[in-house]
Amino acid sequence: MSKIQITFLIVIVTAVAVIFFLSPSDQNDQATYYPQEDQMSLVTISTSAGDIHLELDAENAPITVANFLQLAKDGYYNGTIFHRIIDGFMVQGGGLDENMAPKPTGTEPIQNEANNGLKNDRGTLAMARTMDPHSATGQFFINHKDNDFLNHTSETSQGWGYAVFGSVIDGMDIVDQIALSTTSTVGGYADAPLEPTTINSVTVSE
Numbered sequence: 002m003s004k005i006q007i008t009f010l011i012v013i014v015t016a017v018a019v020i021f022f023l024s025p026s027d028q029n030d031q032a033t034y035y036p037q038e039d040q041m042s043l044v045t046i047s048t049s050a051g052d053i054h055l056e057l058d059a060e061n062a063p064i065t066v067a068n069f070l071q072l073a074k075d076g077y078y079n080g081t082i083f084h085r086i087i088d089g090f091m092v093q094g095g096g097l098d099e100n101m102a103p104k105p106t107g108t109e110p111i112q113n114e115a116n117n118g119l120k121n122d123r124g125t126l127a128m129a130r131t132m133d134p135h136s137a138t139g140q141f142f143i144n145h146k147d148n149d150f151l152n153h154t155s156e157t158s159q160g161w162g163y164a165v166f167g168s169v170i171d172g173m174d175i176v177d178q179i180a181l182s183t184t185s186t187v188g189g190y191a192d193a194p195l196e197p198t199t200i201n202s203v204t205v206s207e
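Residues 2 to 207 (the working numbering) are what the sequence shown spells out, left to right.
And the structure:
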C-alpha cells in the first residue's frame, strides 16, 4: 500500500471515529414543522456557559432546519449537554443528559443534506450521525475550525459528509470556552467533559 493510500485511509478512519454516535433507538414520527423557504430562522442556545446565537439556513437545508426547529419547539434540547468536545475540531451536543444517558428524539432519521454546498467551516452548525449518511436525528455539532474533510464530496458512504444548516452569528467566544473543557472517557464516551456545559434551552425567533 502506497503512502498516499495509507494517508487517505487514516483520514477516513479519523473522520468516522471523531463524529461516530448511535442514533436514538426510540424513533416514531417525522418532524412536522416546516419554515418558509425564504426564511432565515434565528435561534439562541442558552447554556450554563452563556448564550450562542445562530442563524439557520432553511433555503439550503430545509429538512435539517425543520427537524432542528421542531425539536427546539418541543423542548427536546432542554437539559442536554455538550457531551463530546475536541478543542480545535468541534463541540457536539443535543443527545445526552448530564448523567451521560442518551435522550431519544422520538423522530425518524432525516435525509442528509450535506450536498447543499454549505461547508463545515469554523462557526458553522452541522448534524452529527452514525456511519449511515442518512441517520441524523437530534445531535449536532459546532465546528471549532474549518473541517474540509467533513464536507460532501460524493453520494457514497465515505463521501456524503456532514450537513451544515446554520452558523454562529454571536457567541463564538462561548463555543471557544466550551472547547477548552477538560475531557476524559465518561460512561464509555470518549472526549466527554468532566464538568459538562448544559443546554438550558433552545429558543426560536423568526
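A virtual CB, placed ideally from N, CA and C, is assigned to each residue, including glycine.
Neighbourhood of residue i by C-beta distance below 6 Å, restricted to the same chain and skipping five residues each side
{"i": "F83", "result": "V92, G94, I179 and T198"}
{"i": "S47", "result": "N201 and S202"}
{"i": "N113", "result": "P134, H135, W161 and A164"}
{"i": "D52", "result": "T45 and G172"}
{"i": "N79", "result": "S202"}
{"i": "R85", "result": "Q93 and D192"}
Proximity below 8 Å, CB of residue i to CB of residue j
{"i": "N121", "j": "V169", "result": "no"}
{"i": "T183", "j": "L195", "result": "yes"}
{"i": "H54", "j": "A115", "result": "no"}
{"i": "M101", "j": "A191", "result": "no"}
{"i": "A50", "j": "N117", "result": "no"}
Own chain, CB closer than 8 Å to residue i, minus 5 neighbours either side, in chain order
{"i": "A18", "result": "Confidence in A18 is poor, its pLDDT being 48 and thus under 50, which makes the residue's placement unreliable; the coordinate value appears in the next sentence. Cβ within range, chain order: n/a, list empty."}
{"i": "H145", "result": "I87, D88, G89, F90, M91, V92, R123, V176, D177 and A180"}
{"i": "S155", "result": "W161"}
{"i": "D147", "result": "K120, N121, D122 and R123"}
Three-state class that DSSP yields for residue i in the structure shown
{"i": "N201", "result": "strand"}
{"i": "T65", "result": "helix"}
{"i": "A73", "result": "helix"}
{"i": "A32", "result": "Low confidence applies here, because A32 scores a pLDDT of 34, under 50, leaving its location unreliable; read the following figure in that light. Reduced to three states, the DSSP call for A32 is coil."}
{"i": "I175", "result": "helix"}
{"i": "L151", "result": "helix"}
{"i": "A191", "result": "strand"}
{"i": "N144", "result": "strand"}
{"i": "L115", "result": "Before going on, a small fix: residue 115 reads as Ala here, not Leu. Of the three classes helix, strand and coil, the one that applies to A115 here is helix, per DSSP."}
{"i": "A127", "result": "strand"}
Proximity winner among the options, relative to residue i (alpha-carbon distances)
{"i": "V176", "options": "G160, A115 and F90", "result": "F90"}
{"i": "A73", "options": "L57, S158 and G51", "result": "L57"}
{"i": "D149", "options": "L119, S158 and D171", "result": "L119"}
{"i": "S42", "options": "A193, G51, E60 and N117", "result": "E60"}
{"i": "I64", "options": "T138, R85, D174 and S158", "result": "T138"}
{"i": "S206", "options": "D174, A50 and L70", "result": "L70"}
{"i": "T204", "options": "G96, Q159 and G76", "result": "G76"}
{"i": "I143", "options": "G189, G188 and G167", "result": "G167"}
CB-CB length for residue i against residue j, believed under 8 Å
{"i": "M128", "j": "F141", "result": "6 Å"}
{"i": "T125", "j": "D98", "result": "T125 to D98, Cβ: 25 Å. No contact."}
Own chain residues within Cβ distance below 7 Å of residue i, not counting five before or after
{"i": "K104", "result": "T81, G96, L97 and D98"}
{"i": "L10", "result": "Note that L10 scores a pLDDT of 39, beneath 50, so its modelled location is shaky; the value from the coordinates is reported in the next line. Excluding residues within five positions, none has a Cβ falling inside 7 Å."}
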